[in-house]
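Protein chains in written order, with our numbering: chain A, 493 to 1112; chain B, 493 to 1112.
See below for the structure under consideration.
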């Protein structure tokens, strides 16, 4: 790098520090010191290595920049100002109500692909983007992840480290701002760059250790990262938190708060330069579109009514069919593809299948990264094991990412394997996610239709599938709108309504038949769309039958029962009587039938509950 | 090891294989091949290294054995039979209804400390046990973790690897059964023991690579592990899945199913030896009690009514006070102790404080490990980041572990930091956990009392705290029973009930005052115990006032609103009209007051909702 560039870089770094200090000062909160340590890293990256057209953030050839240390948002926003795409007023709106310059970056800003702020997520999501670049887009863009040192303690980082090396993601660069200080004191490794390097190398990474305040060294390291092939590169940069202001530099207790005297700090930093940096755009050669054109409707498999088919099988087959007509559909699995049946997609479309091994955080993060690049990911594992990635699901919602998650082996119906393998909290977990869709089909045709329909929804979509076989109830051309339900039994004499979903639907039908033989007519609703929920049909059933019984292979909290209660809570008319059947006890091992019976959610349990309820109503 | 021992070990390994095959055959399901690969590892460990009194599983000097690869339960149960503590009939009850020999081990068996089956959890929990042994019990027992190779892909394993090395846990041994095959094919590293060793060494572990079917090599390695000081030891054992039966040995597609012909397999394995192994007990020198005696009631801090105190501060102070009278209370934090205020405990009781860095899975796992050893752990981080550990929380419930989890920075009330830092799904997540208790205090005295009370509950206990200050409402001697609530405003004229908790309680009181000025009397309930919930008080309020409004700083799903709806669902009388105020939109940055207002959960929002509800009731 020529000397004049060197000086420009240093001035730019100074400006980024000054702007970070000013933004936090204007907000009265924020993380200036964590921004200041990475100023040279940000400056050199922005000015000399990032290939990014700020006017066209969706350009498929753009590099991607992920600020994994999201609390250093003032640095990122200062970089935007240096790039000339925001003005000073915008910068100083930091953290104020309505401002898109939030405390931690979110995609409300066009240049932010994913929300960060929960540490250790930037690298796993970056892996997803780099997988897209290398194996799908086959485009030369690079993924840059700027991470803190404290977050290297997160296991998710090491899932990503292993994944990136294994797939040879040389289009991915991790820059670790090793500023030695965490929130409440020194990190475990402080400035021991060698320890970080040894670990990363052991996983197969190329590493480079530098002084993160030496712009020439930063420039050389980033150049080396771009030139390195066959392995991802990690740049371990020793820096000082709060660099440039003596009162806070490298000092404990200065985390996450504005500087005591911002004006003095700006003066100490050398005042306010006003550098604007022309950022190089992506190469002129057009990269392939990241969102390939869609094609015809999928030819979904057809089944015979009454046949017994596991919904997980129906999901796998439908996904493979969907993939045949949509090039943007990709699948991922956590090394259980033969259980979730994602492997049926893998067999048909191996080039769009991503094995994520037993690393569920990386599984969901890769889905988010692929979604950001325009793909429609379906990530599958056992419903129980998606709990491992709940923080990633929550953050996917903050990222406004459109991802499909598929949890197999729902509920006690799996049988002998026992509670560790049973998804029993998944409906609660996914219902509480902002903007989510939660689907729980009961038969093969319904599963196929919902698998295809979820592709085009916004936000986090969850499909819950069943291990064992269930009878095919619906015809192949039946429509299953999101937010709808199916009334499977109804008559003018209905005295109660049973609301079921998934594996309890055939049980509810059997119970209705048994009750009918005893002269008691009950309505049966298949509530396959748990969120959004069909409040209208439920309300009508409530009006007509007066009482409802929900029955679900899930904990009593947060699932079907709560969804129905929420739908029926209304201020302008009295809600119906409600009773919920669910898995109240801790299961052990038993056959699927024994499990459903023990939980009281099989036909016998439902029949008994209806009789009890009606008996109480008579005596009440 | 003398030659005769060598032969006994080999015979024992053969027996373990045979019994694993027989158990899975009897069950018609299970994982014999994953058990067979580890037979020599189990045999040599049991016969020559484990120090365990099977008659007294609670003996504080006992070694601990964690089968992280929980699907290899047939191996574990076969080891119990070899130790002479279960008989053949018990072994063959494997996976049948009611049997304590579940598909994956749980503490329904007296010799199982923690449930396994969700992979990658054994080592982090083992770290918790080893921390107890080395730093609290100061006892010579060892912790042995037998893990699979596939689960080494879980990030939680690397959180534990770093933690164990950093704390020098030389009382911890990880034995990795590197059998090369995962569920659906080869693992990433197959038999590359060196790759595992390089990674572990880079984190500071002592490692040993062996042929896992060579009993002498296994014996030497375990001996070496016991003799190694200053660092934990990992034994990387190359093995063959399904070892000993040609039809399945080292073959793809043989995961998780009984052998095709069990009788032939038993014959091929050399028939059924009937070895019983005397297992050495712990050293005669009595180890210190793992559950130190309890002392007097804690002297909880006292506040002045009307003072403004953050409940997170009140938690920290109460925990420090509790620690002063109870030696069994320990605290852990995810490197945010100055935010959660767990650091107030750390200052008073540094020897019982465990910094877990930014690694929330290890944080919760360590709490489980400490609970298993008789301690009463309080593990704290932001409520948002406990989502990172949901799988560990779920498994803690399967383990019947008694742990206290404390989530600070609940809800939009944190203000400027934005959604990534806001606990908004935590109530839903914890409510759905089997046997959990969910507490959400609104003032300092309530927080202090609940902090102390939760120590003695069973199962997973969750305390939700608030970042900002709230007024002290209650006196220092007020009692707050678990499952109770407080009626803060009530009169014969109440026309509606507002149910609040935590930060919305003072808002509800302000709303009640404002409404009273307009001549509308409303009841206000502080529902600090979200689970179990005070159904009786809610029902009475419903009867008296006809309608309820829940108001919570949480998503509308799974939290306070659902808890109240569940409590009021009854078959024998019509439920009341219900309306729920909650955080329906995705927040950005803003001041705490602006956030509460934007979500409609401040006094103004509550006032408006009550007026709307009453208006609709009049016109309905």
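Don't be surprised by glycine CBs; every beta carbon is placed ideally from N, CA and C.
(Q) Cutting at 7 Å between CB atoms, please list the residues of its own chain near residue 613 (chain B), excluding the five before and the five after it. (A) Your numbering for residue 613 (chain B) matches position 121 in the second chain. Excluding residues within five positions, the ones whose Cβ falls inside 7 Å are 560, 648, 857, 884 and 887.
Q. Applying a beta-carbon distance threshold of less than 9 Å, which residues of chain A neighbour residue 934 (chain B)?
A. Within the second chain, the letter at position 442 stands for residue 934 (chain B). None at all; the shortest Cβ gap to chain A is about 21 Å.
Q) Given that a residue counts as buried once 16 or more other Cβ atoms are within 10 Å of its Cβ, and exposed if not, what is residue 746 (chain B)? A) Locating residue 746 (chain B) in the second chain gives position 254, where the first residue counts as 1. Answer is buried; the Cβ neighbour count reaches 16.
**Q.** residue 624 (chain A) versus residue 853 (chain A) - alpha carbon distance
**A.** By 1-based counting over the first chain, the position of residue 624 (chain A) is 132. By 1-based counting over the first chain, the position of residue 853 (chain A) is 361. Whole-angstrom Cα-Cα distance: 18 Å.
Q.
Does residue 652 (chain B) pass the burial test, meaning 16 or more other C-beta atoms within 10 Å, or should it be called exposed?
A. Within the second chain, residue 652 (chain B) is the residue found at index 160, counting from 1. By the 10 Å Cβ count, residue 652 (chain B) comes out buried.
Q: Would you mind stating whether residue 829 (chain B) and residue 835 (chain B) have Cβ atoms separated by less than 8 Å?
A: Mapped onto the second chain, residue 829 (chain B) falls at position 337. Mapped onto the second chain, residue 835 (chain B) falls at position 343. It is a contact, given that the beta carbons lie within the stated cut-off.
Q | Through-space distance from residue 1021 (chain B) to residue 896 (chain B), alpha-carbon basis | A | On the second chain, residue 896 (chain B) is found 404 positions in, with the first residue counted as 1. On the second chain, residue 1021 (chain B) is found 529 positions in, with the first residue counted as 1. Each residue's Cα considered, the two are about 15 Å apart.
Q) Can you name, in chain order, every residue of its own chain whose Cβ lies under 7 Å from the Cβ of residue 740 (chain A), other than the five neighbours on each side? A) Within the first chain, the letter at position 248 stands for residue 740 (chain A). Here the set comprises 525, 734, 746 and 751.
Q) Does residue 731 (chain A) come within less than 8 Å of chain B when only Cβ atoms are used? A) Counting from one through the first chain, the residue named residue 731 (chain A) turns up at place 239. Taking Cβ atoms only, chain B never reaches closer than 8 Å to residue 731 (chain A), which makes this a no.
Q: Can you have a look at residue 1068 (chain A) and say buried or exposed, based on whether 16 or more other CB atoms are within 10 angstroms of its CB?
A: Translated into positions along the first chain, residue 1068 (chain A) becomes position 576. Its Cβ being crowded by 16 or more others within 10 Å, residue 1068 (chain A) is buried.
Q: Under 8 Å by Cβ, that's how I've got residue 908 (chain A) and residue 738 (chain B) pegged, so tell me the actual separation to the nearest angstrom.
A: Locating residue 908 (chain A) in the first chain gives position 416, counting from the first residue. Locating residue 738 (chain B) in the second chain gives position 246, counting from the first residue. No, residue 908 (chain A) and residue 738 (chain B) are not in contact; Cβ-Cβ is about 27 Å, not under 8 Å.
**Q.** Within chain A, the residues that residue 648 (chain B) reaches when beta carbons sit closer than 7 Å
**A.** Taking the second chain and counting its residues from 1, the one referred to as residue 648 (chain B) is at position 156. Within chain A, the residues near residue 648 (chain B) are 647.
(Q) Report the start-end ranges of each alpha helix (DSSP H) in the region 723-802 of chain A that is 4 residues or longer and not cut off at the edges. (A) 754-760
Q: List the residues of chain B that residue 587 (chain A) touches, going by C-beta distances under 7 Å, in chain order.
A: In the first chain, the residue the question calls residue 587 (chain A) occupies position 95. The answer, in chain order, is 908 and 1081.
Q: Select from the region 594-612 of chain A all residues with a C-beta closer than 8 Å to any C-beta belonging to chain B, and list them in chain order.
A: 594, 595, 596, 598, 600, 607, 608, 609, 610, 611 and 612
**Q.** residue 839 (chain B), buried or exposed, once every other Cβ within 10 Å from all chains shown has been counted against 16
**A.** As a first step, residue 839 (chain B) is located in the second chain; it is residue number 347 there, counting from the start. Exposed, by the Cβ-count rule.
Q) What do you reckon, are the CB atoms on residue 723 (chain B) and residue 696 (chain B) nearer than 8 Å? A) The residue you call residue 723 (chain B) lines up with position 231 of the second chain. The residue you call residue 696 (chain B) lines up with position 204 of the second chain. Their beta carbons are under 8 Å apart, which means residue 723 (chain B) touches residue 696 (chain B) by this criterion.
Q: Check distances from the C-beta atoms of the region 667-682 of chain A to those of chain B and list, in chain order, the residues that come in under 7 Å.
A: 674, 675, 676 and 680
Q) Name the chain A residues that come within less than 8 Å of residue 654 (chain B), Cβ to Cβ? A) To locate residue 654 (chain B), count along the second chain from 1; it is residue 162. Those within 8 Å of residue 654 (chain B) in chain A are 645 and 680.
Q. Using the C-alpha atoms, what's the distance from residue 592 (chain B) back to residue 1082 (chain A)?
A. Within the first chain, residue 1082 (chain A) is the residue found at index 590, counting from 1. Within the second chain, residue 592 (chain B) is the residue found at index 100, counting from 1. Approximately 11 Å between the Cα atoms of the pair.
Q. Helix or strand or just coil, what does DSSP make of residue 603 (chain A)?
A. Mapped onto the first chain, residue 603 (chain A) falls at position 111. The answer is coil: DSSP assigns residue 603 (chain A) none of H, G, I, E or B.
Q.
Looking at chain B, is there any beta carbon in it that lies within less than 8 Å of the beta carbon of residue 1049 (chain A)?
A. Along the first chain, read from residue 1 onward, the residue named residue 1049 (chain A) stands at position 557. Residue contact with chain B for residue 1049 (chain A): present (Cβ-Cβ distance below 8 Å to some residue of chain B).
Q. When you compare only the Cα positions, how much space is there between residue 1102 (chain A) and residue 988 (chain A)?
A. As a first step, residue 1102 (chain A) is located in the first chain; it is residue number 610 there, counting from the start. As a first step, residue 988 (chain A) is located in the first chain; it is residue number 496 there, counting from the start. Between residue 1102 (chain A) and residue 988 (chain A), the C-alpha separation is close to 7 Å.
Q: Identify the continuous beta strand (DSSP E) that holds residue 953 (chain B) and give its terminal residues.
A: The sequence position of residue 953 (chain B) within the second chain is 461, counting from 1. From DSSP, the beta strand (DSSP E) with residue 953 (chain B) extends over 952-956.
Q: Could you pull out every unbroken alpha helix (DSSP H) segment of at least 4 residues lying fully inside the region 616-703 of chain A, listed in chain order?
A: 647-658 and 685-694
**Q.** residue 1044 (chain B), DSSP secondary structure in three states
**A.** Here residue 1044 (chain B) refers to the residue found at position 552 of the second chain. Coil, per DSSP.
Q) Rounded C-beta distance between residue 795 (chain A) and residue 937 (chain A)? I'm assuming under 8 Å. A) Reading the first chain from its first residue, position 303 is the one you call residue 795 (chain A). Reading the first chain from its first residue, position 445 is the one you call residue 937 (chain A). Yes, residue 795 (chain A) and residue 937 (chain A) are in contact; Cβ-Cβ is about 6 Å, under 8 Å.
Q) If contact means a Cβ-Cβ distance below 7 Å, which residues of the region 877-906 of chain A contact chain B? A) 877, 879, 880, 882, 883, 886, 887 and 890
Q. List, in order along the chain, the chain A residues whose C-beta lies closer than 7 Å to that of residue 1086 (chain B)?
A. Taking the second chain and counting its residues from 1, the one referred to as residue 1086 (chain B) is at position 594. Under the 7 Å cutoff, chain A gives 589.
Q. How would you list, in chain order, the residues of chain B whose beta-carbon sits under 7 Å from the beta-carbon of residue 521 (chain A)?
A. Locating residue 521 (chain A) in the first chain gives position 29, counting from the first residue. By Cβ distance, chain B contributes 908.
Q) Should the region 1033-1052 of chain A be called in touch with the region 990-997 of chain A, which here means at least 3 C-beta pairs below 8 Å? A) Contact between the region 1033-1052 of chain A and the region 990-997 of chain A is established, with three or more Cβ pairs separated by less than 8 Å.
Q. Going straight from the alpha carbon of residue 545 (chain B) to that of residue 552 (chain B), what length do you get?
A. Here residue 545 (chain B) refers to the residue found at position 53 when the second chain is read from its first residue. Here residue 552 (chain B) refers to the residue found at position 60 when the second chain is read from its first residue. Rounded to whole angstroms, residue 545 (chain B) to residue 552 (chain B) spans 10 Å at the Cα level.
(Q) Which same chain residues end up closer than 6 Å to residue 880 (chain A) when comparing Cβ atoms and leaving out the 5 residues on each side of it in sequence? (A) Here residue 880 (chain A) refers to the residue found at position 388 when the first chain is read from its first residue. If we look at residue 880 (chain A) and ignore the five residues flanking it on each side, its Cβ neighbours are 852.
Q | residue 524 (chain A), DSSP secondary structure in three states | A | Mapped onto the first chain, residue 524 (chain A) falls at position 32. Looking at residue 524 (chain A) - three-state DSSP - the assignment turns out to be helix.
Q: Tell me, please, which residues DSSP counts as bridged to residue 1039 (chain A).
A: The count along the first chain starts at 1 and reaches residue 1039 (chain A) at position 547. Residue 1039 (chain A) has A:1069 as its beta-bridge partners, per DSSP.
Q. What's the C-alpha gap between residue 933 (chain A) and residue 965 (chain A)?
A. In the first chain, residue 933 (chain A) corresponds to position 441, counting from 1. In the first chain, residue 965 (chain A) corresponds to position 473, counting from 1. Their backbone Cα atoms lie some 11 Å apart in a straight line.
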